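Asks:
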Amino acid sequence: MELSPLSIYLLIFGCFAANYALRFVPLAVMSRLNIPRSVMRWLGYMPVAVMGALVTVEVLLPALDAAFFPASLAAGAPAYSIFLNPGIFGAAVSMLLFRYTKSFIGATVAGIAVFALLQYLI
Amino acid sequence: MNIAGNIELKQFLAGVKDGFPIFLGYLPIGIAFGVLACQYGFTPLQAILASALILSGSGQFVALATLAASGSIAASVIACAVVNLRYTLFAVTLSPHLQGLKLRTLAWLGHTITDESFAFNSARIREMQASPQSMMGLGTIAWLGWICGTTIGAIGAQYVGDLTAFGIHFAIAAMYAALFVALANNRTQIYCGIVAGLLCLGLYFLNHLGLGLPVYWFTVITAIAAATLFVLVIPDKGEPLGHEEQIEAARLEGAHLRQAEADH
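Chain order of the listed sequences is E and W.
Under my numbering, the residue at position 45 of the first sequence is numbered 45, and the numbers go up by one with no gaps.
Under my numbering, the residue at position 24 of the second sequence is numbered 24, and the numbers go up by one with no gaps.
1) Rounded to whole angstroms, what's the CA-CA distance from isoleucine 234 of chain W to serine 122 of chain W? Just pull it up for me.
2) Work out the CA separation of alanine 173 of chain W and alanine 184 of chain W for me, nearest whole Å.
3) What residues of chain E sit near alanine 14 of chain W, judged by a beta carbon separation below 7 Å?
4) Glycine 193 of chain W: buried (16+ other C-beta within 10 angstroms of its C-beta) or exposed?
5) In chain E, what lies closer than 7 Å to alanine 171 of chain W by C-beta?
6) For the region 42-53 of chain E against the region 107-126 of chain W, are there 3 or more C-beta pairs whose distance is under 8 Å?
7) For alanine 116 of chain E, would you say it is in contact with chain W, using Cβ-to-Cβ distances shorter than 9 Å as the test?
8) My understanding is that glycine 149 of chain W touches leucine 27 of chain W, with C-beta atoms under 8 Å, so please give their C-beta distance in whole angstroms.
9) Count the other C-beta atoms from every protein chain shown that fall within 10 angstroms of the C-beta of serine 51 of chain W, then say buried if there are 16 or more, exposed otherwise.
10) What number of angstroms, rounded off, separates the C-alpha of valine 114 of chain E from the C-alpha of arginine 187 of chain W?
11) Between which two residues does the alpha helix (DSSP H) carrying histidine 111 of chain W extend?
12) Specify, as a first and last residue, the run of the alpha helix (DSSP H) that asparagine 186 of chain W falls within.
13) If you follow the alpha helix (DSSP H) that leucine 43 of chain E is in, where does it begin and where does it stop?
14) How big is the Cα-Cα spacing for threonine 105 of chain W and arginine 32 of chain E?
15) Are the region 45-59 of chain W and the region 9-24 of chain E touching by the rule of at least three beta carbon pairs closer than 8 Å?
16) Between the Cα of serine 81 of chain E and the Cα atoms of E:Ala28, E:Leu118, E:Val57, E:Val29, which residue gives the shortest distance?
17) Could you say if the region 127-146 of chain W and the region 12-24 of chain W meet the contact criterion of at least three C-beta pairs nearer than 8 Å?
18) Is the CB-CB distance between serine 134 of chain W and glycine 15 of chain W below 9 Å?
19) For phenylalanine 83 of chain E and proline 62 of chain E, what's the separation of their Cα atoms in angstroms?
20) State the CB to CB distance for the pair alanine 130 of chain W and phenylalanine 104 of chain E, rounded to an integer number of angstroms; the pair is presumed to be in contact (CB under 8 Å).
21) Go ahead and label histidine 111 of chain W buried or exposed: buried means 16 or more other beta carbons lie within 10 angstroms of its beta carbon, across all protein chains shown.
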């Protein structure tokens, strides 16, 4: 598909303006307000709730797809049993390693290594 | 350089070091974006400019896909913004810890908000180890990772080969798993994360029954639902919440400990 340089630049700067507004405006406004305690408590739950959702979306849902919904997989993507999924094992290793070492880089690299190894073996 | 500047530089570099896993995780996705953008007729420079300015994995892919499907710039920009509405939630969540900062500091911090930088900074805030400088360092290294990946994809895709064999596309998921453990630092927080995850599973099965909700909505819907549920159900124990309150609590605790020592 052919795109003119003008339309490409319009796309880039349009997306930039929209994303920047979404990020910066709430930061600039809210960091100058006194936030009520109930809202602060609500926000205090937000990071862990977001992470719970992200881990599920990135690890569990692909594992469920690979085990029970082979039709939904991209062409050539392997199907795994739910009990032998490289992603679930990789994530579990990352979690355990972080729990005991507190090292993000160590936990991430170990998770990748376990994932790659199981992907190769299974 | 004065002492304050030195401390700020140290904190910035600590953030850079902390953010290195994000740099790694962004490389393969950035490469994929660089390759795809060039297939759509972007020059390498345009692809890199897009990544530097937009800094949004899913948003950039959705913008390209929408443009290909509809040919409309406006539709692509709107689609990109809709996918990234969660950044507003992240900005609001971080804002109590960024009270009173200069606008130019917020201008850069705001630009570098992504799922990954939000999660890392939240974990460090909880450990009382985040400062505006460390957050800027972390955001900067993440931004550079995204730009590096895009550059490699746009100009050198044929030399890279298939990185999926090395499992590097799993980097983001592995990082999320570690970050979940970092953030789930007490029982209530663990339950809240699990509830959000279970709600995601619920939406996933509803999708298989024909709901048709795009997956990028899962995070923001389930996180808001879980946090709302917990703030309503769990009673307020009066724990320190804001940045200043937490510093004050730590200071008081230190004073108590010193007093106890002196009494002893």
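All residues carry an ideal CB built from backbone N, CA and C; glycine is no exception.
Computed from a predicted model, the values in this text were never measured in an experiment.
Replies: Straight from the coordinates:
1) Serine 122 of chain W has its alpha-carbon roughly 21 Å from the corresponding atom of isoleucine 234 of chain W.
2) Each residue's Cα considered, the two are about 16 Å apart.
3) Those do not exist, as alanine 14 of chain W stays about 12 Å from chain E at its closest Cβ, beyond 7 Å.
4) Counting other Cβ atoms within 10 Å of its Cβ, glycine 193 of chain W reaches 16 or more and is therefore classed as buried.
5) Within 7 Å Cβ-Cβ: Thr108, Ile112.
6) In this structure the region 42-53 of chain E touches the region 107-126 of chain W; the number of beta carbon pairs closer than 8 Å is three or more.
7) At a cut-off of 9 Å between beta carbons, alanine 116 of chain E contacts chain W.
8) Distance from glycine 149 of chain W to leucine 27 of chain W at the Cβ level is roughly 4 Å; contact confirmed, criterion being Cβ atoms closer than 8 Å.
9) When all chains shown are included, serine 51 of chain W counts as buried.
10) Rounded to whole angstroms, valine 114 of chain E to arginine 187 of chain W spans 28 Å at the Cα level.
11) In this chain, the alpha helix (DSSP H) harbouring histidine 111 of chain W covers 103-111.
12) Boundaries for asparagine 186 of chain W: no alpha helix (DSSP H) harbours it, and the DSSP string shows neither H nor E there.
13) That run of the alpha helix (DSSP H) goes 37-55.
14) Going by C-alpha positions, threonine 105 of chain W is about 14 Å away from arginine 32 of chain E.
15) With a cut-off of 8 Å, the region 9-24 of chain E and the region 45-59 of chain W count as touching, because enough Cβ pairs lie within range.
16) The option with the nearest alpha carbon to serine 81 of chain E is E:Leu118.
17) Touching, yes.
18) For serine 134 of chain W and glycine 15 of chain W, yes; Cβs fall inside 9 Å.
19) If you take the alpha carbons of phenylalanine 83 of chain E and proline 62 of chain E, they lie about 13 Å apart.
20) In fact, because the Cβ distance is near 14 Å, the residues do not count as touching under 8 Å.
21) With 16 or more other CB atoms across the displayed protein chains lying within 10 angstroms of its CB, histidine 111 of chain W is buried.
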